[in-house]
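Asker:
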Amino acid sequence: MTPLQVGLLGVIGLLGVGCYGLLITRNLIKVVMALQILVKAVVLALVLAGQAGSQAGLGQSLAATVIVADTMVAVVGLALAVQIRRRVGSVDISAISTLRG
Amino acid sequence: MGDSAIHLILVVGALVCAYRAMTSPRILSSTIYLACVSAAVAMMLYLLGAYQVAVIELSVGAGLVTVLLVYAISVVGDDASDPGSVIPRPVAVGLALLTAVMLGYMAYSLPSTAAIGRVPPLIRALWEQRVLDVWIQMVLIFAGVLGILGLLAEGKSARAKAHGSAGNGHRTVKVVPPTACGYAPPAPRGAHDPAKKEEVHA
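Chains as they are written, first to last, in my numbering: chain Y, 1 to 101; chain U, 1001 to 1202.
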């Protein structure tokens, strides 16, 4: 196997674990962690695609943009988690739902 | 072969750490495992030749995000139990495997093109072809700083409230003007009364 194929295997595995984490948890902080794992897989995929498509610079610049955006998503998500914990007393995402039915 | 073996070791380590991050009962342990995933991904990026992205991933993913997670856990509490999944775990495993298999089928069937000519470096691609991305990154960083400021401001007011109610045995007394509560205390003897003064002059 070439390093690109091994990296692609890592991308698929990380995406699977991230999806699994999003499906099994209701803790808001763990949801943020699952999103982090998904975005790490996406960063790796962008760099691998740039290498495979002979546009390494483009893939790396997009990966840097995705890292910054993901960090801001984590910041806002954790701020929301802290505020929800203070107001509701729980970080369970089903406890903050106001919809019934 | 040796390069592929190093990649394979890093991939297996990242996957094990990611799985442990999702299934660990303690959130603080999950944070440490997530930092290990970030470090493994950064090493893979470095071996692939993306040096700048590897440094950004290591400093931001394993540094800043870990510090933010630890801060949030210190506020929320590590004992915040995970109430469990909405759907049964076998169904979740099946859905995740289905997603991974479909993605692998699509990705491995793509043809890889060989490098043609001279590849532009990251600096040129970032500052000449993707200038809009740089501006968007600046806006995003500004929004993140505002988010952190909002988070810390709320913490400061909560601390002030706690200090006023029970801190050190002292209480903060709010002074309410007498007219605000509909009661005006009688004026002490010899105090200045403007109505009485007008009556005398008349």
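Idealized CB from N, CA, C, for every residue including glycine.
Does the segment 13–25 of chain Y come close enough to the segment 1018–1029 of chain U to have 3 or more Cβ pairs within less than 8 angstroms?
Answerer: The answer is yes - the segment 1018–1029 of chain U touches the segment 13–25 of chain Y, with three or more Cβ pairs under 8 angstroms.
Asker: Express the C-alpha separation of residue 55 of chain Y and residue 5 of chain Y in angstroms, rounding to a whole number.
Answerer: Those two C-alpha atoms are separated by around 17 angstroms.
Asker: How many angstroms separate the CA atom of residue 76 of chain Y from the CA atom of residue 1127 of chain U?
Answerer: The straight-line gap from Cα to Cα measures roughly 28 angstroms.
Asker: Determine, using beta carbons only, whether residue 20 of chain Y and residue 1035 of chain U come nearer to each other than 8 angstroms.
Answerer: No, they are not a contact pair.
Asker: Closer than 8 angstroms, CB to CB, is residue 58 of chain Y near chain U or not?
Answerer: True, the Cβ-Cβ gap to chain U drops below 8 angstroms.
Asker: Looking at residue 66 of chain Y: is its Cβ nearer than 8 angstroms to the Cβ of residue 42 of chain Y?
Answerer: A contact, by the Cβ cut-off of 8 angstroms.
Asker: For residue 1098 of chain U, verify whether its CB is less than 7 angstroms away from any heavy atom of the ligand NAD.
Answerer: Inclusion of the ligand NAD in the displayed structure is not the case, the ligand content being empty and no account of it being possible.
Asker: Apart from the five residues on each side of it in sequence, which residues of its chain come closer than 7 angstroms, Cβ to Cβ, to residue 1014 of chain U?
Answerer: Correct list, in chain order: 1037, 1040, 1041.
Asker: Short check: CB of residue 1076 of chain U to CB of residue 91 of chain Y, under 8 angstroms?
Answerer: Cβ distance < 8 angstroms, so residue 1076 of chain U and residue 91 of chain Y count as in contact.
Asker: Report the residues of the segment 1029–1050 of chain U with a CB closer than 8 angstroms to any CB of chain Y, ordered along the chain.
Answerer: Those residues of the segment 1029–1050 of chain U that come within reach of chain Y (Cβ to Cβ, closer than 8 angstroms) are 1030, 1031, 1034, 1037, 1038, 1041, 1044, 1045, 1047, 1048, 1049, 1050.
Asker: Can you tell me the Cβ-Cβ gap for residue 1053 of chain U and residue 69 of chain Y, rounded? I've got them flagged as a contact below 8 angstroms.
Answerer: Not quite, the Cβ-Cβ distance comes to about 14 angstroms (not below 8 angstroms), so this is no contact.
Asker: Whole angstroms is fine: what's the gap from residue 1147 of chain U's alpha carbon to residue 50 of chain Y's?
Answerer: When rounded, the distance between both Cα atoms is 32 angstroms.
Asker: Between the C-alpha atoms of residue 1105 of chain U and residue 9 of chain Y, what's the straight-line distance to the nearest angstrom?
Answerer: Taking the straight line from one Cα to the other gives about 11 angstroms.
Asker: If you draw a straight line from the alpha carbon of residue 1073 of chain U to that of residue 39 of chain Y, how long is it in whole angstroms?
Answerer: Going by the C-alpha atoms only, they are around 21 angstroms apart.
Asker: Does the CB of residue 1173 of chain U have a neighbour CB from chain Y at under 8 angstroms?
Answerer: Its pLDDT being 47, under 50, residue 1173 of chain U is placed unreliably by the model, and the measurement read from it follows with that caveat. Not closer than 8 angstroms to any Cβ of chain Y, the Cβ of residue 1173 of chain U fails to qualify, so no.
Asker: Determine whether the beta carbon atoms of residue 44 of chain Y and residue 1044 of chain U lie at a separation below 8 angstroms.
Answerer: Against a cut-off of 8 angstroms, the Cβ pair of residue 1044 of chain U and residue 44 of chain Y comes out as a contact.
Asker: Rank Y:95, Y:81, Y:59 by C-alpha distance to the C-alpha of residue 30 of chain Y and give the top, closest one.
Answerer: Closest by alpha carbon: Y:81.
Asker: Tell me, please, whether the CB atom of residue 43 of chain Y is closer than 8 angstroms to any CB atom in chain U?
Answerer: Chain U, which has a Cβ nearer than 8 angstroms to the Cβ of residue 43 of chain Y, makes this yes.
Asker: Determine the extent of the alpha helix (DSSP H) in which residue 1077 of chain U is found, giving its start and end residues.
Answerer: No alpha helix (DSSP H) holds residue 1077 of chain U; DSSP gives it neither H nor E.
Asker: What are the residues that DSSP puts in a beta bridge with residue 1133 of chain U?
Answerer: Paired residue(s): none; residue 1133 of chain U is not in a bridge.
Asker: Could you name the residues of the segment 23–36 of chain Y whose beta carbon sits closer than 7 angstroms to any beta carbon of chain U, in the order they occur along the chain?
Answerer: Answer in chain order: 23, 24, 25, 26, 27, 29, 30, 33, 34, 36.
Asker: Among residues of its own chain, excluding the 5 on either side of residue 1057 of chain U, which ones have a beta-carbon nearer than 8 angstroms to its beta-carbon?
Answerer: Taken in chain order, the residues that qualify are 1038, 1041, 1042, 1045.
Asker: In chain Y, which residues lie less than 9 angstroms from residue 1055 of chain U when you measure between Cβ atoms?
Answerer: Residues of chain Y passing the Cβ test: none, with the nearest at roughly 10 angstroms.
Asker: Short check: CB of residue 1130 of chain U to CB of residue 61 of chain Y, under 8 angstroms?
Answerer: Yes, the pair counts as a contact, with Cβ atoms nearer than the cut-off.
Asker: Does the beta carbon of residue 142 of chain Y come closer than 8 angstroms to any beta carbon on chain U?
Answerer: Coverage of chain Y is limited to positions 1 through 101, which leaves residue 142 of chain Y absent and any answer about it impossible.
Asker: Measure from the C-beta of residue 1058 of chain U to each C-beta in chain Y and report whether the shortest distance is under 8 angstroms.
Answerer: Not closer than 8 angstroms to any Cβ of chain Y, the Cβ of residue 1058 of chain U fails to qualify, so no.
Asker: Just the C-alpha distance for residue 1085 of chain U and residue 83 of chain Y, rounded to the nearest angstrom, thanks.
Answerer: Their Cα atoms are separated by approximately 22 angstroms.
Asker: The alpha helix (DSSP H) with residue 91 of chain Y in it runs from where to where?
Answerer: It is not in any alpha helix (DSSP H) - residue 91 of chain Y carries neither H nor E in the DSSP assignment.
Asker: Name the chain Y residues that come within less than 7 angstroms of residue 1121 of chain U, Cβ to Cβ?
Answerer: Going along chain Y in sequence order, the residues near residue 1121 of chain U (Cβ under 7 angstroms) are 57.
Asker: Identify, in the order they occur along the chain, each residue of the same chain with its Cβ nearer than 8 angstroms to the Cβ of residue 96 of chain Y, setting aside the five sequence neighbours on each side.
Answerer: Result list for residue 96 of chain Y: 84, 88, 90, in chain order.
Asker: So is residue 1009 of chain U buried or exposed if we call it buried at 16+ other beta carbons inside 10 Å?
Answerer: When all chains shown are included, residue 1009 of chain U counts as exposed.
Asker: Please check if any C-beta of chain Y sits within less than 8 angstroms of the C-beta of residue 1166 of chain U.
Answerer: At residue 1166 of chain U the pLDDT is 48, less than 50, meaning the model places this residue with poor confidence and gives no usable figure here.
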